[in-house]
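S.K.: Take this structure, written in structure tokens, and hold onto it; I'll ask about it next.
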Amino acid sequence: MTLMQGSTAVPSLPRRLAAATRALCHLAIQPRMEFVSDLTDALCIPSMARMAGRLEADAEGRRLLAERPRLDSKHVDFEALAAMPDGTLGREFVRFLRGHGISPDSFRHPVDYFEDVPAYVTLRLRQTHDLWHLLTGYPPTTCGELVLSAFIFAQVGAPSSLLVALLGPIRYGFGEKRLKRRIVAAYRRGRATSRLTSFFWEEHWAEPLDRVRERVGCPAA
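Numbering (my numbering), first residue to last: 13 to 233.
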């Protein structure tokens, strides 16, 4: 049995749980963001719909959904951001991407059984993921992703982020001192930070990164 939501039928819950299990197995072998996306696509239809509802109930959220900004090379002039003064959000974002060899076009669209608005919300979360890294100061390392997942779960409530934050340390936490404590601290920090899901990053490229952190109540880790 399937449910109809987007342009294709939503797989049944057993099929989505099987897909989530496969994604977790892949993550246990190799921690890659595409497997996290698989996990999100399998588990997060309800949570993305709830987040879309929260955005629709908020003035800035409605504006975001109306304008639907994109963070990729077709919609953002990354060379212009790179030319901004040191310390600005735009300059530091480009420095972060280039320093870690990350392409702004690397995040895929959600599967097509997501409804229109939750699909955009999911894409927005993926495209702003590295801005969340930059803002929080959590590095794009395996353990940094685990810590950021706890922060994201506090902000979004996505089951995929919770699973990564809880199960990741079992597989990748050996030798990492105080990792569980850092994960708990990241969750609390995510709860204390203003909602980033409706934040218009694009309107703050020229602003100092430290001022952006102050604006949303999230000092660097």
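Ideal placement from N, C-alpha and C gives every residue a C-beta, glycine not left out.
This structure is a prediction, so every number in the text was calculated from the model and none was measured.
1) Which residue comes first and which comes last in the alpha helix (DSSP H) that contains ASP222?
2) According to DSSP, which residues form a beta bridge with THR205?
3) At the level of alpha carbons, what is the spacing between SER9 and GLY73?
4) May I have the straight-line CA-CA distance separating TYR184 from ALA162, to the nearest angstrom?
5) Might you give, ordered along the chain, the residues of its own chain that have their beta carbon closer than 6 Å to the beta carbon of ASP222, omitting 5 neighbours on each side?
6) Which residues in the same chain as PRO130 place their Cβ atom closer than 6 Å to its Cβ, once the five residues preceding and following it in sequence are excluded?
7) Quick one: Cα of GLY149 to Cα of ALA94, how far?
8) What residue range is occupied by the uninterrupted alpha helix (DSSP H) comprising LEU152?
9) Please classify GLY111 as buried or exposed, where buried requires at least 16 neighbouring CB atoms within 10 angstroms.
10) From the DSSP output, in three-state form, read off THR134 for me.
11) Can you give me the C-alpha to C-alpha distance between PRO152 and LEU39, rounded to a whole angstrom?
M.R.: Based on what the coordinates show:
1) 221-228
2) DSSP lists no partner for THR205.
3) It is not possible to answer for residue 9, since the shown part of the chain is limited to 13 through 233.
4) 15 Å
5) none
6) MET60, ALA61 and ALA64
7) 19 Å
8) The residue asked about is misnamed: residue 152 is Pro in this sequence, not Leu. It is not in any alpha helix (DSSP H) - PRO152 carries neither H nor E in the DSSP assignment.
9) exposed
10) helix
11) 15 Å
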